Structure formats: C-alpha cells, structure tokens
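Asker: Input: one structure, supplied below.
Residue numbers (my numbering): 4 to 73.
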C-alpha cells in the first residue's frame, strides 16, 4: 500500500474510509449544487453523478466481497 494507505491498520479499514469519504462528498455536493468546493471546483450535476457512480461502485465491490467471505 502507498503512503496514505499506510496510515490504516488494514485494507478493509482503508476501504471503509474511502466509502465514508465518498458518502460525505455526495451529501455535501447535493447540499451545495451550483456552489464551489473548498478547492474552487464548481459543484455541477455531472460532478454529483460521477461521485455517486464511484460511491455505488465501491459499495457494490464491498457487498460482493462481504458476500464471498461469508
């Protein structure tokens, strides 16, 4: 794992943090459509759609992984 990933105890902990990050971003973006992020990026429907797509992909991967391990 890389420098950032080394801050976590396991790959699962990192994966959970990434899912949480995307979830928070989706909520923040939905609450501020038309505004900008702290980095000056305009919050557009396309940005929200792309973020939601990645969030759903991560959730899908997580649920498949959990199911296979059960």
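Glycine residues also receive a C-beta, built at the ideal position from the N, C-alpha and C atoms. This one's a predicted model, so the numbers in the text were calculated from it and none came from an experiment.
Are the region 19-26 and the region 38-47 touching by the rule of at least three beta carbon pairs closer than 8 Å?
Answerer: The region 19-26, when compared against the region 38-47, does not touch it at the 8 Å Cβ threshold.
Asker: Within a Cβ cutoff of 6 Å, which residues of the same chain sit near residue 8, ignoring the five residues on either side of it in sequence?
Answerer: Within the chain shown, residue 8 is the residue found at index 5, counting from 1. Within the same chain, residue 8 has close Cβ partners 17.
Asker: Using C-beta distances below 8 Å, list every residue in its chain close to residue 57, excluding the 5 sequence neighbours before and after it, in chain order.
Answerer: Here the question's residue 57 lines up with position 54 in the chain shown. Excluding sequence neighbours, residue 57 sits near 25.
Asker: I'd like the list of long-range same chain contacts for residue 59, defined as Cβ closer than 8 Å, with 5 residues on each side in sequence excluded.
Answerer: For the purposes of this step, residue 59 is taken as the residue at position 56 of the chain shown. For residue 59, where only same-chain residues beyond five positions count, there are no Cβ hits under 8 Å.
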